[in-house]
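Engineer: Could you have a look at this structure, given as structure tokens, before my questions?
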Amino acid sequence: MGIENLLLGFHIAITPFNLWMAVVGILLGTVIGVLPGLGGANGVAILLPVTFTMPPTSAIILLTSIYWGALFGGAITSILFNIPGEPWSVATTFDGYPMARQGQGGQALTGAFTSSFIGAFFSIVLITFFAPLLAQIALRFGPPEIFAIQFLTFSSFVGLGGGNPLKSLVSIVIGFILATVGLDIVTGQLRLTFGITELMRGFDFIIAVIGLFGIGEILLSVEEGLSFHGTKTGMNLRVVLDTWKILPRFWRTFVRSCFIGFWMGFKPGGATPASFMSYAFAKRFSKNADNFGKGELEGVVAPETAAHAAGIAAMLPMITLGIPGSPTAAVMLGGLIIWGLQPGPLLFKENPDFVWGLIASMYTGNVIGVLMVLAFVPLFAAILRIPFAILTPLIVVVCAIGSYAVHNSMLDIWYMLIFGVIGYVFKKLDYPLAPFVLALVLGDMAENALRQSLIMSQGSLAIFFTRPIAGAITAVAIFFFAMPIITPWWRRLRGLPGGRKTPSLD
Amino acid sequence: MRIADIVTAAVLMLLGGVVLFDAVRLGFGWGGDGPKSGFFPFWLAAIMVVVCGVILAQAWRGREEKRFVSREQLGSVLKVLWPAVFAVFLMHFVGLYVASALYMAFYMRWVGRHSWLLVVLIALGISVGSFLVFEKWFLVPMPKGPLEQWLGY
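From first to last, the protein sequence lines are chains S and P. Sequential numbering of the first sequence, starting at 1, is according to this note's numbering. Sequential numbering of the second sequence, starting at 1, is according to this note's numbering.
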């Protein structure tokens with residue numbers, strides 16, 4: 001039955017229009033991934049209004065292709081310019097940039113793209129098989145289970161996110177509070193508007209994403225003083241083929257990184273830690289461990305495989321549970337609602353053409369993607385040779401256009417600027433932005449699930465513990481919340497040095 | 001960094017207080033048919049106030065020597081920000097395309113010191129290009145001003 005559905009999906013994904021959307025998406029996405037300040041999340045957010053008039057399947061193919069493109073684009077800037085375009089490509093710079101400086105840029109890029117493709121492919125195959133199963137299970141979920149899963153989502157930011165867990169918690173809470181602003185649809189009361197009419201419609205997360213990630217990021221990059229010292233790409237068919245001959249040697253790294261990526265990725269905010277973890281493991285087990293950090297191909301392969309596997313795995317909870325695993329997936333979820341689809345397990349029942357079209361397009365999109373980036377790397381790299389005094393205002397203008405287009409409201413552009421400043425300050429002070437955005441997106445859903453659960457139980461919180469599935473999920477969530485307290489204590493008990501610094505999420 | 005941390009935590013605590021105030025007005029207890037409107041915001045704000053209090057205390061005791069932002073850094077950030085604010089203000093009167101062209105031209109000339117020819121070409125090119133893409137191709141309307149009106153849009 002799974003195969004039939006996938007074939008149905010391919011019928012939809014390979015229509016000329018949808019293939020064209022994938023090509024356009026990959027192209028835009030790679031450009032977005034290369035540009036500083038424009039990442040997957042706000043690239044998708046800016047282009048969301050453009051898709052309002054398209055059929056939903058074509059629209060999601062365009063947006064997911066932008067996401068795949070952004071994942072590829074991050075590798076280009078990391079390797080050639082030592083600038084991680086995206087947080088998950090930081091680990092790629094460790095060995096990618098040294099390789100490029102030694103004139104092996106072509107090798108590094110080929111290695112990066114190929115491993116991205118393999119990581120992505122692995123995750124897509126797993127999604128093809130697991131998504132319908134997970135959706136089946138999720139169909140039986142009631143409000144307590146849904147709330148428990150949301151609780152788990154946010155607990156993993158606090159427990160596994162790295163950085164200061166208290167600040168992660170604050171980010172989550174602010175996101176939820178902003179989500180409650182406006183009309184309460186259950187009671188019809190106005191909340192947190194203080195008599196200001198403009199606040200009645202609340203804050204749109206798309207604007208928040210564009211401001212926090214777009215404007216905030218551009219402010220951070222001008223602060224650091226943009227100066228690009230690019231190296232030559234050195235790409236040609238010969239280099240590609242030669243690198244492909246070497247790559248099978250790293251099969252162990254590939255397998256390990258795929259699993260790390262998928263496992264980390266379907267939990268929220270997973271791509272960045274997955275890439276670091278995979279790099280660390282590769283270094284630990286490699287025969288050439290000494291060469292890591294000096295330009296070792298395996299050091300490019302490991303983080304890229306994991307980052308892409310994780311990036312794709314983030315789509316799994318979004319299509320099956322309606323809970324996004326990353327800010328980019330969150331924006332797509334917002335898109336689903338705008339296109340009139342109900343995200344969650346029912347999608348598989350009610351819109352099989354949409355879901356399977358999406359899954360099949362992941363296959364086609366990544367094949368198109370890897371071929372396109374391999375062929376056009378020099379063009380994409382040329383983008384960064386545009387002077388930053390042109391790029392910076394251009395990105396601000398593009399962000400403004402995207403913000404306005406959502407509701408045709410000037411006020412949203414002002415909000416975007418304010419969110420930009422907030423994003424800049426938060427990022428500098430280590431308040432993570434990803435949980436903020438996710439909380440803003442999921443706020444209404446979480447509150448409704450909580451309300452309905454409490455109504456079911458006449459106001460007792462015990463309902464989250466006594467139902468078997470909800471109870472198990474809640475227990476894990478509480479464990480994650482307690483992790484920052486348990487970990488130092490556990491380390492001291494075992495005589496290990498405490499206070500390990502983990503790279504903060506996003 | 002330390003001062004910025006303290007100030008941010010304090011501001012967030014204050015915001016939490018404002019939310020608490022509104023949640024109490026709405027009622028955060030059990031209504032006739034479930035939790036009242038203020039229930040969810042109340043507990044969120046309560047968590048926020050407490051956690052920000054802890055962050056504030058941590059920052060107060062900590063000794064972070066790193067500066068939050070240096071004078072030059074702040075300078076380059078403001079160089080992007082205030083023209084952008086001014087441009088958005090202008091958009092209310094002249095529309096997005098004209099304001100964007102002016103903003104791009106101003107920034108390119110002022111910060112990038114590019115030649116006037118390039119400045120004019122790029123600023124006009126971007127504005128006309130985005131006009132064609134959004135108004136013509138995608139049919140997404142942007143704020144327009146007297147210039148577009150004069151041109152018949």
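Think of the CB as a built atom: it goes at the ideal place given N, C-alpha and C, for glycine as much as any other residue.
How is Arg238 (chain S) classed by DSSP in three states: helix, strand or coil?
Structural biologist: If DSSP states are grouped into helix, strand and coil, Arg238 (chain S) belongs with the helices.
Engineer: Roughly how many angstroms separate the alpha carbons of Ala41 (chain S) and Ile3 (chain S), rounded to a whole number?
Structural biologist: Distance between the alpha carbons of Ala41 (chain S) and Ile3 (chain S) is about 31 Å.
Engineer: Taking the alpha carbon of Ile124 (chain S) as the reference point, which residue from S:Glu198, S:Ile463, S:Phe194 and S:Trp356 has its own alpha carbon closest?
Structural biologist: The option with the nearest alpha carbon to Ile124 (chain S) is S:Trp356.
Engineer: Please list, in chain order, all residues of the same chain as Leu371 (chain S) whose beta carbon is under 6 Å from its beta carbon, the five residues on each side excluded.
Structural biologist: No residues qualify anywhere along the chain.
Engineer: Quick one: grab the DSSP three-state call for Arg256 (chain S).
Structural biologist: Helix at Arg256 (chain S).
Engineer: Alpha carbon to alpha carbon, what distance is there between Pro84 (chain S) and Val425 (chain S)?
Structural biologist: Going by the C-alpha atoms only, they are around 20 Å apart.
Engineer: If we define contact as Cβ-Cβ less than 8 Å, is Gln73 (chain P) a contact residue for chain S?
Structural biologist: By this cut-off, Gln73 (chain P) is an interface position.
Engineer: Going by the CB atoms, is the gap between Thr474 (chain S) and Phe151 (chain S) shorter than 8 Å?
Structural biologist: Yes, they are a contact pair.
Engineer: Spatial neighbours of Ala59 (chain S) within its chain, please: CB distance less than 7 Å, with the 5 preceding and 5 following residues excluded, ordered by chain position.
Structural biologist: Only Thr51, Gly335 and Trp339 meet the Cβ criterion.
Engineer: Check each candidate in S:Pro303, S:Pro343 and S:Ile137 and name the one with the smallest Cα separation from Ser78 (chain S).
Structural biologist: Here the closest residue by C-alpha is S:Pro303.
Engineer: Which class does Lys283 (chain S) belong to by DSSP, given the choice of helix, strand or coil?
Structural biologist: Of the three classes helix, strand and coil, the one that applies to Lys283 (chain S) here is helix, per DSSP.
Engineer: Name, going along the chain, the residues of the segment 103 to 116 of chain P whose beta-carbon falls closer than 7 Å to a beta-carbon of chain S.
Structural biologist: Hits within the stretch, in order: Tyr103, Met104, Tyr107, Met108, Val111, Gly112 and His114.
Engineer: Threshold first: 4 residues or longer. Then list the alpha helix (DSSP H) segments lying entirely within the segment 53 to 137 of chain S, N to C.
Structural biologist: Those alpha helix (DSSP H) runs which fall completely within the segment 53 to 137 of chain S and span 4+ residues are 56 to 81 and 90 to 99.
Engineer: Tell me the DSSP secondary structure of Arg191 (chain S) in three-state form.
Structural biologist: Strand.
Engineer: Look at the alpha carbon of Leu190 (chain S) and the alpha carbon of Val331 (chain S), and state the distance between them as a whole number of angstroms.
Structural biologist: For Leu190 (chain S) and Val331 (chain S), the distance between alpha carbons rounds to 26 Å.
Engineer: Can you confirm whether Ala57 (chain P), when its beta carbon is compared against all beta carbons of chain S, has any partner nearer than 8 Å?
Structural biologist: It does not: the Cβ of Ala57 (chain P) has no partner Cβ on chain S nearer than 8 Å.
Engineer: Expressed to the nearest angstrom, what Euclidean distance is found between the alpha-carbon atoms of Ala84 (chain P) and Val34 (chain S)?
Structural biologist: Taking the straight line from one Cα to the other gives about 23 Å.
Engineer: Could you tell me the alpha carbon to alpha carbon distance between Ser504 (chain S) and Pro432 (chain S), rounded to whole angstroms?
Structural biologist: Reliability of the predicted coordinates at Ser504 (chain S) is poor, the pLDDT of 40 falling under 50, and the value obtained from them is presented with this limitation in mind. Each residue's alpha carbon lies about 8 Å from the other.
Engineer: Quick one: is Gly95 (chain P) near chain S, going by C-beta distance under 8 Å?
Structural biologist: Chain S contact via Cβ: absent.
Engineer: What are the residues of the segment 459 to 473 of chain S that lie near chain P, defined by any Cβ-Cβ distance shorter than 8 Å?
Structural biologist: Of all residues in the segment 459 to 473 of chain S, Gly459 have a Cβ within less than 8 Å of some Cβ in chain P.
Engineer: Can you tell me the Cβ-Cβ gap for Leu333 (chain S) and Met318 (chain S), rounded? I've got them flagged as a contact below 8 Å.
Structural biologist: At roughly 6 Å, the Cβ-Cβ gap stays under 8 Å, so Leu333 (chain S) and Met318 (chain S) are in contact.
Engineer: For the alpha helix (DSSP H) that Phe380 (chain S) lies in, which residues bound it at each end?
Structural biologist: Segment Pro352 to Ile383, the alpha helix (DSSP H) holding Phe380 (chain S).
Engineer: Which same chain residues end up closer than 6 Å to Leu12 (chain P) when comparing Cβ atoms and leaving out the 5 residues on each side of it in sequence?
Structural biologist: Only Cys52 meet the Cβ criterion.
Engineer: Give me, in chain order, the residues of the same chain whose beta-carbon lies closer than 6 Å to that of His308 (chain S); leave out the 5 immediate sequence neighbours on both sides.
Structural biologist: Result list for His308 (chain S): Leu71, Ser116, Gly119 and Ala120, in chain order.
Engineer: Within 10 angstroms of the Cβ of His154 (chain P), are there 16 or more other Cβ atoms? Answer buried if so, exposed if not.
Structural biologist: The requested residue 154 (chain P) is not part of the displayed model; chain P covers only 1 to 153.
Engineer: Mind checking the segment 28 to 48 of chain P against chain S and listing, in chain order, the residues whose C-beta falls within less than 9 Å of any C-beta there?
Structural biologist: Within the segment 28 to 48 of chain P, the qualifying residues are Trp30, Gly31, Asp33, Gly34, Pro35, Lys36, Ser37, Gly38, Phe39, Phe40, Pro41, Leu44, Ala45, Ile47 and Met48.
Engineer: Using DSSP with H/G/I as helix, E/B as strand and the rest coil, what is Pro387 (chain S)?
Structural biologist: DSSP places Pro387 (chain S) in coil when its eight states are reduced to three.
Engineer: Using DSSP with H/G/I as helix, E/B as strand and the rest coil, what is Trp339 (chain S)?
Structural biologist: Note: Trp339 (chain S) maps to coil in three-state DSSP.
Engineer: Assuming Gly423 (chain S) and Phe213 (chain S) make a contact with CB atoms under 8 Å, what is their CB distance in whole Å?
Structural biologist: With a Cβ gap of about 7 Å, Gly423 (chain S) and Phe213 (chain S) count as contacting.
Engineer: Let's see if you can read the secondary structure: which residues bound the alpha helix (DSSP H) around Pro248 (chain S)?
Structural biologist: Element bounds for Pro248 (chain S): n/a, residue is neither H nor E.
Engineer: Rounded to a whole number of angstroms, what is the C-alpha to C-alpha distance between Phe10 (chain S) and Ala360 (chain S)?
Structural biologist: Those two C-alpha atoms are separated by around 5 Å.
Engineer: Counting contacts by CB-CB distance shorter than 8 Å, is Ile3 (chain P) in contact with chain S?
Structural biologist: Chain S, which has no Cβ nearer than 8 Å to the Cβ of Ile3 (chain P), makes this no.
Engineer: How about Val80 (chain P) and Ile218 (chain S): do their beta carbons lie closer than 8 Å?
Structural biologist: Yes; because the gap between Cβ atoms is below 8 Å, this pair is in contact.
Engineer: Using three-state DSSP, classify Pro35 (chain P) as helix, strand or coil.
Structural biologist: Reduced to three states, the DSSP call for Pro35 (chain P) is strand.
Engineer: Got a sec: is the Cβ-Cβ distance from Ile122 (chain P) to anything in chain S below 8 Å?
Structural biologist: Yes - at least one Cβ of chain S is within 8 Å of the one on Ile122 (chain P).
Engineer: Specify, as a first and last residue, the run of the alpha helix (DSSP H) that Met200 (chain S) falls within.
Structural biologist: Segment: none, Met200 (chain S) is in no alpha helix (DSSP H) and carries neither H nor E.
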